[in-house]
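Novice: Chains as they are written, first to last, in our numbering: chain A, 90 to 488; chain F, 90 to 488; chain Z, 113 to 258; chain C, 113 to 258.
Right, I'll just put the structure down here and ask away after.
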Amino acid sequence: MNVRKDFPILEKIIYLDSGATTQKPRCVIDAIQKFYLEDNANIHRGVYELSQRATKKFEHVREQVKNFIHAEHSHEIIFTRGTTESINLVAQCLSHNHIQKDDEILISAMEHHSNIVPWQLIAEKIGAKIKVIPITDLGEIELESFRKLFTAKTKMVAVTHVSNVLGTVNPIKEMIRIAHENNVPVLVDGAQAVPHLSVNVTELDCDFYAFSSHKMYGPTGVGVLYGKTEWLKKMPPYQGGGDMIERVSFEKTTYNKLPYKFEAGTPDISNVIGLGVAIDYLNQIGMHAITEHEKKLLAIATEELKKIPELKIFGESENKIGVISFTLNDIHPHDIGTILDHENIAVRAGHHCAMPLMQRFNVPAMTRISFGIYNTEKDIENLIKGLKIVHEVFHERIT
Amino acid sequence: MNVRKDFPILEKIIYLDSGATTQKPRCVIDAIQKFYLEDNANIHRGVYELSQRATKKFEHVREQVKNFIHAEHSHEIIFTRGTTESINLVAQCLSHNHIQKDDEILISAMEHHSNIVPWQLIAEKIGAKIKVIPITDLGEIELESFRKLFTAKTKMVAVTHVSNVLGTVNPIKEMIRIAHENNVPVLVDGAQAVPHLSVNVTELDCDFYAFSSHKMYGPTGVGVLYGKTEWLKKMPPYQGGGDMIERVSFEKTTYNKLPYKFEAGTPDISNVIGLGVAIDYLNQIGMHAITEHEKKLLAIATEELKKIPELKIFGESENKIGVISFTLNDIHPHDIGTILDHENIAVRAGHHCAMPLMQRFNVPAMTRISFGIYNTEKDIENLIKGLKIVHEVFHERIT
Amino acid sequence: MNELRELYQEMIIEHGRHPRNFCVLENASCKQEGFNPLCGDHLILFLIEKNGVIENISFQGSGCAISMASASLMTDAVKNKSIKEAEKLFQQFHLLITENKSEENLGKLAVLAGVSEFPARVKCATLAWHTLKAALQNETQTVSTE
Amino acid sequence: MNELRELYQEMIIEHGRHPRNFCVLENASCKQEGFNPLCGDHLILFLIEKNGVIENISFQGSGCAISMASASLMTDAVKNKSIKEAEKLFQQFHLLITENKSEENLGKLAVLAGVSEFPARVKCATLAWHTLKAALQNETQTVSTE
Ligand SMILES: Cc1ncc(COP(=O)(O)O)c(C=O)c1O
Ligand SMILES: Cc1ncc(COP(=O)(O)O)c(C=O)c1O
C-alpha cells in the first residue's frame, strides 16, 4: 500500500491512533482549500451560479456516500456532525412516539459512550429501560443471550459494527435478522467499520447506520446517518431552522422532504466536500485492499505483542480488524502512552470512551493501537522497540 | 479598507451576499490546511503531544471567542454547528423543565426561521404558546407592545440582534432589561450582528447569544452558543456521547463540567481553529472600523437605489446596518437575481428564511444585498448598472 | 446580454405578466398545489379530465416570470390533449430546457429554450409541469421542485 | 531517554507501586473524591483537620505512576502542616512542575520536577493537590482535572 506520500504529517510521527481520528490525504486537504478559493457560497438558497455550483458539489457527495455504503436512495443519507450526533438524532426522534415508557432498548456491553449515553438520556426522560447484550471473554457478542433478551417491550437495538477497543467485527447481519424477527429496528454504529470494510447497508438490512468522516480520512465536523425511508418518513423533524422547512408561518409550519427535514441550518459545506474526496480516495485504493492490508498488520502486530511477557491483549475474536488493546503488567497505560510519545509513537491510553467495557474486563484503562491504510510493518517494529523502553524505564527487561 | 487582496475569489465575482455566508480570507483557509498538515489529532483524549497540541489550539479558540464577545468565562462558550444548532440546543434543553405546558415564548415578527421553528417544535411538543412581538412599517420592534406581551406565563424571549432582511439593529439591551424585570431570560440571535458590530454579552446582560462562524469570515460547520453560567448549570445535557460525560456505567452516568456537558462527540476541530484565525483577522482590522466601513456603503447604496423608480426598500430604521432588501416594480426577485448573476453580481432573492416577515410586508419575496468588509463603492456602481439591465430586459428604462 | 434576451423573450415577459388560463375552475375534477421553496414560486392547478383527456385546465399563483410564463404556456399547450400526449410533451419540453434539444415542434413552448443556458431556472420552468404530472397521478401532497 | 529517566525516577516508580498513606482513615473529618476523566486516574482523600492543621491524611485510588506517586508524596509532605503551609506548598509545587522553578526546598516533592518537560502530565501530578484544596474548601463535588 503505497500511500504514505499522500500524508505529509507521517514524516514526523509514528501514528497508531487512527481509531481516534485518521490523518487526511493531501487531496482532501487541497479540496477544502480549493472550495474556499473558488466555490464558496451558501447552498440550497442562492439563485446565482456560485451558489448553484456549491449546492451541486454538496449534493454530489450525498450520491457518493449513498454509493459507498450501497444505500438505495440518496435521500436516505443525512449529514450530521458525526457518529455521535447521528445516534442522538435517532434516539431523540424515536423517543417522540416509537419508544415509550417501560419499553426496552438493547445495547451491547462493548458500546462506545456515543451509543450508550444518547439512549440513557432518552430512557431516563421517558422512563424506558436499557438492557445490555453480554459479551464473552474473547470479546464477542453472546448471540444466544441476545436472542433471549427480546420481549414484547423491546423497541430498539443499538449495536456497534466494529468495537473501537476489541476490534471485534460483530455478526450484525445475523443480529439484524433476529431483531427483525422480533419486529425491532436496529441502529448500527459504523464509526469503526466504514474506514476498514466495504459496508453494504442494503444487504445488512439495518434500519439506521451511523459513521464519522474524520475517522475515514475525511475532515472533522461531518458525519452521516443512513436511515431507511420508511423510518425517516415516520420520524418527526429533529431540529428547526432554515432548509428543513417547506413553509413557515406563526400558525403552521410544514417540513421539507427527505433528507432536508433532518438538516436544519447551514451545514458544514466545505467539509462535506472534503468527505467526497476522501471517498474517491478510498475507492481508488479499494476497500478490499484496505481490509487485507490492515488484517496483515493485525496478524503481525498480534504475534509480536504476544511475545512480550505480561502483555495481555483484550479482544481475541476470530472476526477482528485493525485494533489491539492491551495492558502491560501493572504499568499504567497513561505511563506507557507518555513513554511511547517520547519515542514519537502516538497510541491511545485510557478508557477509550467505553467505561462499561473496562468494567467488564475489570481494568481501569488500556493501551490501544489502531491501524490505518498508511501504517507499515516498520511502525510495528518501532512500537515493539518503544515497549522495550517502557520496560527499561520501569526496570524490567523484555527477554 | 484594504482587504480585497486577502480574498482571491473576489477577482471573479461581485459578491453582495455576505448575509448568507461570507467569503474567507486567505489566512483562515491556510490555517485549516496547516492544521491538517501539522497538528491533526483528536482532542481531549490523546496523551501524546500531537493530541495535546491540537487540544490546546482548540481550547485557545474558546478563549478568543470569549474575549471577542466579551463574556466573563470561557466555560460559557459552547461550540455547535451554527446559529441554528445553538438555538435548538437552548430550546430543547429549556423544554425539559423551564418551559412547560401553557407557558409563553415571545419572538419577534422579523425572526429568521432558525429562531422560529425550534420554538415551534418544542411548543408543539409540550403545549406551550408562541407570541409574536410586532414590528412597525419601518421595520422596528414595537417596544410598547413588547412590554405589554409579558404575562405570568412568559418564560422565554428569543429575538434577533440584527435582522437578516431589514438590517435593523434591535434595541436588545432595552429589551433584555424589560424581560429581566419580568424575570424572563432572553436568547439573542446574533448571526447578523457579530460580523458587523462589536458585541458585548456582559454589557447586554443577555442569557444566551448565538452566532455562526461562516457568517463572520470563518469556516462552515461551527457556531457558538454563549450562555450564562447559571443557566448552563441548570440545563440538562443536550446530546450524549464522548467528552460530555464524566463517568459512564449502565447504572449511572455523570456528566462533565461546563462547557463539555454540551459538547458530545468529536467537534469540528479544524474549523474551530479556522474560526480562531478569523477572529484574529477581524480584531486586526477592528470591529469599529468594520462597522463604519459598512455604514458608509449602506448610506451610498441606499441613496443610489432610491433613485431607481419603482424600487421599494424594506427596512428603514435609523439603526440599521449593511443589508438592503427591496422589490422592483412587479419584477420577481428571482428574475432580478438571474439577470444580476449574468452580470456576475451575486445577490440573494427569495424569502430569506423569513417567510413570516414576507407576510408582514405582504410580498412573496425580496431581493437582498448585504455587505462585508471587502465590498467597495465600485460594487455598488456595478449593482446599479446591473439593475439598469434588469429594467432593459423587462422593457423599462431607468431615467 | 444575448443569453438574457434569449431567456427573457417578449413572449415570456408578456405571458409572465398576463398569464393565460389564470383563474379558478369551479367544477375542476382535480386540484393540485405546486411549490418551489427556494424562490417561493407557488401555484394551484385546476383540471377537468375526462376519459384520459384534459378537457380544461387553469391555474392561479405567483412567482417569477419564467414560472408564470411556463404555467401559462403549458395550460395552453395541454388543453384538449390526452394524458399520454401531455406526458410526452413534458418529456420533450424537459429535453428542450435542459439540453436545448427538440425532436418535435413544441410550438410556443419553444420560447423557453433559453432556460437551457440557466440551469438554476429549470426548476422554475418545470414547476407547472411537475404539478400537472402529480395531478394526473392523483398525488395529495404539495409538489415541490426544491 | 534522559527526559524519561528524569520523569520516571526510581523514587517515583517506587512510590507509584507502593504508595505511602494508602489506606482509609476511619475517623476522617473530611473525605474528598478526585477524578481525571482523560486517563481514569481516581482517588479518595481522607483528612483529619483540627484548628487549621492537617493532623492526618491518607488516600486510596488507582492511576498512573505519576498520579499515585504524587499523592503518596503529597500526603507525606502535608501531614502535620497548617492549611496555610499546605497551600503555599501547592503553589511552590505547581511552579516546579510547570516551569521547573523552585524557590524553596521542596524536599522529596522535588523528584517530580521532570513533569515540567511533559505538560500533558501536569494534570496527573496535581490531581491529589487539587483534591486536597477542594477538601480544605469543603467542596462536595468530585474534583476533576480534565
Ligand atoms: C465505535 C465508535 N462509535 C462512536 C464514536 C464517536 O464518533 P464521533 O466522536 O466522531 O462522533 C467513535 C469514535 O470515537 C467510535 O469509535
Ligand atoms: C438572523 C439569522 N439567524 C440565524 C441564521 C442561521 O444561521 P446558520 O444557517 O449558520 O445556522 C441566519 C443565517 O442564515 C441568520 O441570518
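We put the beta carbon where it would ideally sit given N, CA and C, even for glycine.
Assign Y349/F to one of three DSSP states: helix, strand, or coil.
Specialist: It is helical.
Novice: Where does D226/F fall in DSSP's three states?
Specialist: It is coil, neither helix nor strand.
Novice: Helix, strand or coil, according to DSSP, for D153/C in the structure here?
Specialist: Residue state, collapsed to three classes: strand.
Novice: Can you say whether K213/C is buried or exposed, counting buried as having 16 or more other CB atoms within 10 angstroms of its CB?
Specialist: K213/C comes out exposed.
Novice: Just to confirm before moving on: does the CB-CB distance between E263/A and L232/A stay below 8 Å?
Specialist: Yes, these two residues count as a Cβ contact at 8 Å.
Novice: Rounded to the nearest angstrom, how far is the Cβ of Y344/A from that of E335/A, given a contact under 8 Å?
Specialist: The pair is a contact, with the Cβ atoms about 6 Å apart (cut-off 8 Å).
Novice: Can you pull out the residues from the region 217–244 of chain Z whose beta carbon lies closer than 8 Å to at least one beta carbon of chain F?
Specialist: Cβ contacts with chain F come from F230, A232, R233, C236.
Novice: Compute the beta-carbon to beta-carbon distance between E165/F and G316/F, rounded to the nearest angstrom, for a pair I have assumed lies under 8 Å.
Specialist: Between G316/F and E165/F the Cβ distance is about 6 Å, and since that is below 8 Å, they are a contact.
Novice: Just mark S141/C as buried or exposed, buried being the case when its beta carbon has 16 or more other beta carbons within 10 Å.
Specialist: Exposed.
Novice: Determine the burial state of C135/Z: buried for a count of at least 16 other Cβ atoms within 10 Å of its Cβ, exposed for fewer.
Specialist: Exposed, by the Cβ-count rule.
Novice: Which residues in the same chain as A378/F place their Cβ atom closer than 8 Å to its Cβ, once the five residues preceding and following it in sequence are excluded?
Specialist: Closer than 8 Å at the Cβ level, and outside the excluded window around A378/F, lie M90.
Novice: What's the call for E216/C, buried or exposed, on a 16-neighbour Cβ count within 10 Å?
Specialist: So E216/C ends up on the exposed side.
Novice: Mapping DSSP to helix, strand and coil, what is R93/F?
Specialist: Note: R93/F maps to helix in three-state DSSP.
Novice: Decide if G219/Z is buried, meaning its Cβ has at least 16 other Cβ atoms within 10 Å, or exposed.
Specialist: By the neighbour-count rule (16 or more Cβ atoms within 10 Å), G219/Z is not buried but exposed.
Novice: Indicate the three-state DSSP secondary structure (helix, strand or coil) for I166/Z in the structure shown.
Specialist: Strand, per DSSP.
Novice: Considering only the beta carbon of each residue, do L224/C and A237/C sit closer than 8 Å?
Specialist: Result yes, Cβ atoms of L224/C and A237/C sit closer than 8 Å.
Novice: Sort H269/A, K237/A, K304/A, L276/A by Cα distance to H285/A and report the nearest one.
Specialist: Here the closest residue by C-alpha is K304/A.
Novice: Given that a residue counts as buried once 16 or more other Cβ atoms are within 10 Å of its Cβ, and exposed if not, what is E200/F?
Specialist: Buried, by the Cβ-count rule.
Novice: Output needed for S140/F: all residues of its chain with C-beta closer than 7 Å, excluding positions within five of it in sequence on either side, in chain order.
Specialist: Excluding positions up to five away in sequence, the list reads A130, N131, I132, R134.
Novice: Which residues, in chain order, does the region 115–143 of chain Z contribute to contact with chain A at a C-beta distance below 7 Å?
Specialist: Listed by position along the chain: nothing, the set is empty.
Novice: I'd like to know if the region 147–160 of chain F and the region 146–153 of chain A are in contact, where contact means that at least 3 CB-CB pairs between them fall below 8 Å.
Specialist: In short, these stretches do not touch, since the Cβ pair count stays below three.
Novice: How far does the beta strand (DSSP E) with Y315/A in it reach, from first residue to last?
Specialist: First-last of the beta strand (DSSP E) with Y315/A: 312–316.
Novice: Does the CB of N272/F have a neighbour CB from chain C at under 8 Å?
Specialist: Judged by the 8 Å Cβ criterion, N272/F is not in contact with chain C.
Novice: S301/A bridges to which residues according to DSSP?
Specialist: S301/A pairs with G312/A.
Novice: Measuring only between beta-carbons, confirm whether E381/F sits less than 8 Å from chain C.
Specialist: No, its Cβ sits nowhere closer than 8 Å to a Cβ of chain C.
Novice: List the endpoints of the continuous beta strand (DSSP E) containing C142/C.
Specialist: C142/C -> beta strand (DSSP E) spans 142–148.
Novice: For the beta strand (DSSP E) that contains V412/F, what are its first and last residues?
Specialist: From DSSP, the beta strand (DSSP E) with V412/F extends over 412–417.
Novice: Using a beta-carbon distance cut-off of less than 7 Å, what residues from the region 426–442 of chain F approach chain Z?
Specialist: Going along the region 426–442 of chain F in chain order, one finds T427, I428, H431, A438, G439, H440 with a Cβ nearer than 7 Å to chain Z.
Novice: Mind listing, in chain order, the continuous alpha helix (DSSP H) runs of no fewer than 4 residues lying wholly within the region 150–228 of chain F?
Specialist: DSSP runs (the alpha helix (DSSP H)) wholly in the region 150–228 of chain F: 172–183, 206–215.
Novice: DSSP three-state call for G173/Z: helix, strand or coil?
Specialist: Strand.
Novice: What ranges does the beta strand (DSSP E) occupy inside the region 324–412 of chain A, keeping only unbroken runs of at least 3 residues that lie completely in it?
Specialist: Counting only runs of 3 or more, we get 334–336, 400–403.
Novice: Which residue from I125/Z, V234/Z, P149/Z, H242/Z puts its Cα closest to that of G331/A?
Specialist: Nearest C-alpha to G331/A: P149/Z.
Novice: Should H440/F be counted as a contact of ligand 1 given a C-beta to heavy atom distance under 7 Å?
Specialist: No, the Cβ of H440/F stays beyond 7 Å of every heavy atom of ligand 1.
Novice: Pull up the distance between the alpha-carbon of L116/C and that of I428/A, whole angstroms please.
Specialist: Approximately 7 Å between the Cα atoms of the pair.
Novice: What is the C-beta distance between L137/C and S170/C, in whole angstroms, given that I count them as a contact (C-beta under 8 Å)?
Specialist: Between S170/C and L137/C the Cβ distance is about 5 Å, and since that is below 8 Å, they are a contact.
Novice: In its own chain, which residues sit with a C-beta less than 7 Å from the C-beta of F205/C, not counting the 5 before and 5 after it?
Specialist: Excluding sequence neighbours, F205/C sits near L218, L221, W241.
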